[in-house]
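Undergrad: First, the structure itself, so that you have it in front of you.
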Amino acid sequence: MGRILGLDFGLRRVGAAISDSGRSIASPLEVYERGDEARDARHYRQLALENDVDLLVVGLPVHTTGREGELAGHARRWGAWLASVTSLPVRFTDERYTSVEADNLMISSGLKRQRRKALRDKLAAQILLQGYLDAGCPEEPSAPGPLADEAGG
């Protein structure tokens, strides 16, 4: 069983985190500045190969209501593209609040704004991948839904 690469999708930058071989712990890996498709394809093929990756998990940016917006559509198309260029399966996972959680962790650690900006995306990727691992690496994602507070619970 290979490792899982978790990706915090962004239009300009993509944060990445990697699981351990036992698929229980996620660690931040990198922040990648997107370029043209050929360069990006080479990068992700190499990253998957170097890290013995056999599954990609892409964060799906959904609204607090659970509805998917325009950015979620971009993430889904990018995930499909990523699957085609790496020949690896892609799963999507809800990434609500991962960037906020990453920021809060870094603020409480005393990191300055510039340092937080440089780390945010890969820490958000670690948080979303850890959530996926903690959920037991589900084959099919549950449909994103409202948070308990919004559902009246």
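Residue numbers (the numbering used here): 1 to 153.
Ideal Cβ positions, reconstructed from N, Cα and C, are used throughout, including at glycine.
No experiment lies behind these values; they were computed from the predicted model shown.
(1) Please list the terminal residues of the continuous beta strand (DSSP E) segment that includes Val57.
(2) According to the neighbour-count rule (16 or more other Cβ atoms, all chains shown, within 10 Å of its Cβ), is Pro28 buried or exposed?
(3) Can you look up Leu82 in the DSSP assignment and give me helix, strand or coil?
(4) Is the stretch 44-60 in contact with the stretch 117-132, if contact means three or more CB pairs nearer than 8 Å?
(5) Can you grab the Cα-Cα spacing for the pair Trp78 / Leu5, in whole Å?
(6) Which residue comes first and which comes last in the alpha helix (DSSP H) that contains Asp40?
(7) Note down, in chain order, each residue of its chain lying with its Cβ closer than 6 Å to the Cβ of Tyr132, except the 5 sequence neighbours on either side.
(8) Over what stretch of residues does the beta strand (DSSP E) that includes Thr93 continue unbroken?
(9) So, does the CB of Ser84 fall closer than 8 Å to a CB anywhere in chain B?
(10) Which partner residues of Glu70 appear in the DSSP bridge assignment?
(11) Once you ignore the five residues that flank Pro146 on each side, which residues in its own chain have a CB closer than 7 Å to its CB?
(12) If the criterion is Cβ atoms closer than 8 Å, does the pair Lys122 and Gly15 meet it?
(13) In this structure, does DSSP put Ser27 in helix, strand or coil?
(14) What's the gap between the Cα of Ile18 and the Cα of Ala80?
(15) Checking 8 Å against the spacing of the C-beta atoms, do Ser21 and Arg3 come in under that value?
(16) Is the CB-CB distance between Arg13 and Arg34 below 8 Å?
TA: Let me lay it out:
(1) Within the sequence shown, residue 57 is the residue found at index 57, counting from 1. First-last of the beta strand (DSSP E) with Val57: 53-60.
(2) Within the sequence shown, residue 28 is the residue found at index 28, counting from 1. Classification of Pro28: buried, given that the 10 Å Cβ count is 16 or more.
(3) As a working note, residue 82 is residue 82 in the sequence shown. It is helical.
(4) yes
(5) Taking the sequence shown and counting its residues from 1, the one referred to as residue 78 is at position 78. Taking the sequence shown and counting its residues from 1, the one referred to as residue 5 is at position 5. Using only the alpha carbons, I get a separation of about 15 Å.
(6) For the purposes of this step, residue 40 is taken as the residue at position 40 of the sequence shown. It spans 37-50 - the alpha helix (DSSP H) in which Asp40 sits, taken as one unbroken run.
(7) Position 132 of the sequence shown, counted from the first residue, corresponds to residue 132. Counting only Cβ-Cβ distances below 6 Å, and skipping sequence neighbours, we find Val57, Thr93.
(8) Numbered from its first residue, the sequence shown carries residue 93 at position 93. Residues 90-94.
(9) Protein chain content of the structure displayed is limited to a single chain, and chain B is not contained in it.
(10) Numbered from 1 along the sequence shown, position 70 holds the residue referred to as residue 70. DSSP output for Glu70 lists no bridge partner at all.
(11) By one-based count along the sequence shown, residue 146 stands at place 146. Its pLDDT being 38, under 50, Pro146 is placed unreliably in this model, and the value from its coordinates should be taken loosely. Cβ neighbours of Pro146 beyond the five flanking positions: Thr65, Gly66.
(12) Position 122 of the sequence shown, counting from 1, holds the residue named residue 122. Position 15 of the sequence shown, counting from 1, holds the residue named residue 15. Yes; because the gap between Cβ atoms is below 8 Å, this pair is in contact.
(13) Stepping through the sequence shown from its first residue, residue 27 is reached at position 27. Strand.
(14) Position 18 of the sequence shown, counting from 1, holds the residue named residue 18. Position 80 of the sequence shown, counting from 1, holds the residue named residue 80. One C-alpha to the other measures close to 20 Å.
(15) Mapped onto the sequence shown, residue 21 falls at position 21. Mapped onto the sequence shown, residue 3 falls at position 3. Yes, the pair counts as a contact, with Cβ atoms nearer than the cut-off.
(16) Indexing the sequence shown from 1 puts residue 13 at position 13. Indexing the sequence shown from 1 puts residue 34 at position 34. Result yes, Cβ atoms of Arg13 and Arg34 sit closer than 8 Å.
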